[in-house]
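Each residue of the sequence shown is one higher than the one before, starting from 2 at the first, in my numbering. For every residue, glycine included, the Cβ atom is placed at its ideal position computed from N, Cα and C. Remember, it's a predicted structure, so these values are computed and weren't measured experimentally.
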Amino acid sequence: MRWPVSDVVEPGSEPVFGVVVKLGGAALRDGAAVGRSVRALERVGGARPVVVVSALEGVTRLLERAALADGERDALWNGLRVRHRTLLRQLGLAGDALDRHLGELRAVLRSLPAGGQLTRRQRDYVLSFGERMSARILASCLRSGGRAAVALDAYDLGLSVDEPWDRIVQHERERIRRTLAGLDGIPVLTGFLARDGRGGVATLGWNGSDLSACWIAAVVGAREVVFGKTVAGVHSADPRRVPAARRFAQLAYDDAALLTAHGSVVLHPRAIEPARNLGLHLRILNVEDLDAGGTTIAPGAGSPSWRALAHRDEVQLLRLTLERREGFAAALARLADDGHEVVQAALGASEARFLVSGTSPVGAFAAFAGDATLESGLATLSLLGAGVEREHAAVRRQLADADVDVWEAPGGSGERERVLLLRGTDLECALTTAHAAWVEQHDRSAVAVSLP
């Protein structure tokens, strides 16, 4: 959905908040990291930023395990309690500052049904505790350092969404703006969370806090969103797995959106759209080294010859036999209702194929029993950028020479994209081989052409 500027900010009006700063889970993982993030906030946030936070690194996955593994819930809850209390101690904050949230979380976990068969609303409410607690920690840390700050849950603030969680409900915008403008101090908001159409808590998918930050920036009329992460911007591949990956100083909206849609974890896939519609500048910075550069996503940025790789580590291929073509949409809806993220899909004459992110057990697809087969242990590798239709076959030959078997992913081809499916055990080799053939060779050729 596109948002006209007039729907968000009155023409000629000055925004109350110029910058929204989003701090990711890795940037809040321990006391030292929180300290670095606070210093980064002071440097890039201006006089009065809005701050949007993720849960502490790894906490969302622990909460999901606690929600699903009924036999381990008390033990996992205790681990979460120790993790958050340790951080409070490292920051010199009161050890009981989160006791109300931790007590509520334990009561919620104990009330869940056995067997891990949860509704989406039950699962999302459990997951909400990660951001709710990290927002309180950061706000307390800012106050202890002498800056007024208020922690707010985005769903109580008025951030509401319509399915499929890709737009803010229109009538809530003015309420959010008035509330934030009337606060005394820096608002520290929970990312990842909103209220659904039935009044319950909804989560926005992995990296959903990025989407929250862009939504909030659009609502308050900010000119820029700064994403504080622990990587120095967007690269031509994951730099932790491909040492030769190069950083992009600038990217166009379309290129950034293509990367995120195919698995780049730097930003949420739908975070680009509100930025594009309002001309927001997005900056990705490394909070551990603010002088290490970064990536700016802005109007007119980037290069038409841009190339990159993206990947997903853990995907499963679900095949469904369908008697009628209308069953495809029904299957997609059922998968979404059950909390599965479908990243690619294709419909054949009598079979639908879905690439599902994660490692869900076979029993999670019980609704399709008898008509479904599931293949696990897979990964995707996406070749992105100019010339992919012409040159992807050469890259596939290089992968074959490296003993990496690949095949086309369902729904995985386009003018600037080619998605390959492979065994997860081959991903490391595939990334380095494909980067050399698709990105590095192209860069060398471009340099050779430019030389006199």
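Leaving out five residues on either side along the sequence, give the residues of the same chain with a beta carbon under 6 Å from the beta carbon of residue i.
| i | result |
| --- | --- |
| H85 | L99, M134 |
| F228 | K23, I285 |
| H455 | Because the chain here runs from 2 to 453, residue 455 falls outside it and cannot be looked at. |
| V288 | A28, R37, S38, A41, G229 |
| G47 | G19, V20 |
| A257 | I273, I298 |
| G25 | S55, K230 |
| R242 | L432 |
| S265 | A311 |
Using the Cα positions of residue i and residue j, report the straight-line distance between them to the nearest angstrom.
| i | j | result |
| --- | --- | --- |
| G371 | R124 | 26 Å |
| W307 | L385 | 8 Å |
| D339 | F355 | 14 Å |
| A233 | P114 | 43 Å |
| A276 | G72 | 43 Å |
| L42 | A149 | 14 Å |
| A182 | V17 | 6 Å |
| D444 | R391 | 17 Å |
| P240 | E274 | 25 Å |
| V20 | I187 | 11 Å |
| T374 | V363 | 9 Å |
| G80 | S112 | 19 Å |
| D185 | V151 | 8 Å |
| Q345 | G412 | 6 Å |
| Y126 | T231 | 27 Å |
| L128 | D402 | 44 Å |
| T180 | L94 | 27 Å |
| L77 | A331 | 35 Å |
| L259 | I138 | 34 Å |
| T120 | V109 | 13 Å |
| L422 | V389 | 16 Å |
| D292 | G32 | 21 Å |
| V83 | L348 | 47 Å |
| R101 | G198 | 27 Å |
| R178 | A136 | 19 Å |
| A68 | R62 | 10 Å |
| L400 | A410 | 16 Å |
| S414 | D404 | 23 Å |
Is residue i buried or exposed, if buried means 16 or more other CB atoms sit within 10 Å of its CB?
| i | result |
| --- | --- |
| T433 | buried |
| T426 | exposed |
| V118 | Rather than Val, the amino acid found at residue 118 in this sequence is Gln. Result: exposed. |
| G244 | One point to set straight first is that residue 244 is Pro, not Gly, in the sequence displayed. Classification for P244: exposed. |
| W439 | buried |
| A223 | buried |
Just verifying my parser: in three-state terms, what is the DSSP assignment at residue i?
| i | result |
| --- | --- |
| G413 | strand |
| S361 | coil |
| V344 | strand |
| F355 | strand |
| E324 | coil |
| R391 | helix |
| H263 | coil |
| N208 | coil |
| W408 | strand |
| S304 | coil |
| F228 | strand |
| P50 | coil |
| T180 | helix |
| W166 | In this prediction, W166 scores a pLDDT of 45, lower than 50, which makes its location untrustworthy; no coordinate-derived value is stated. |
| P275 | helix |
| V522 | Since the first residue of the chain shown is 2 and the last is 453, residue 522 is not available in this structure. |
| S55 | coil |
| E43 | helix |
Taking residue i and residue j to be in contact with their CB atoms under 8 Å, please state how far apart those CB atoms are, rounded to whole angstroms.
| i | j | result |
| --- | --- | --- |
| S213 | A155 | 6 Å |
| L153 | F130 | 15 Å between Cβ atoms; not a contact. |
| H263 | S377 | Rounded, the Cβ-Cβ distance is 20 Å, inconsistent with contact. |
| S161 | R122 | Not really, about 15 Å apart at Cβ, beyond 8 Å. |
| S358 | R313 | 6 Å |
| T296 | A250 | 7 Å |
| V35 | L190 | Actually they do not touch by this definition, with Cβ atoms about 17 Å apart. |
| R320 | E342 | With 8 Å as the limit, R320 and E342 do not qualify as a contact, their Cβ atoms being about 17 Å apart. |
| G294 | R335 | Not really, about 44 Å apart at Cβ, beyond 8 Å. |
| V407 | R397 | 6 Å |
| R424 | L379 | 7 Å |
| L252 | V235 | 6 Å |
Please list, in chain order, all residues of the same chain as residue i whose beta carbon is under 7 Å from its beta carbon, the five residues on each side excluded.
| i | result |
| --- | --- |
| G280 | P300 |
| R30 | L57, E58 |
| E429 | R242 |
| A302 | Q251, L252, A253 |
| I217 | V21, V51, V53, L190 |
Identify, in the order they occur along the chain, each residue of the same chain with its Cβ nearer than 8 Å to the Cβ of residue i, setting aside the five sequence neighbours on each side.
| i | result |
| --- | --- |
| S1 | Not covered by the structure: residue 1. The range shown for the chain is 2 to 453. |
| H393 | L384, R419 |
| R66 | E73, L77 |
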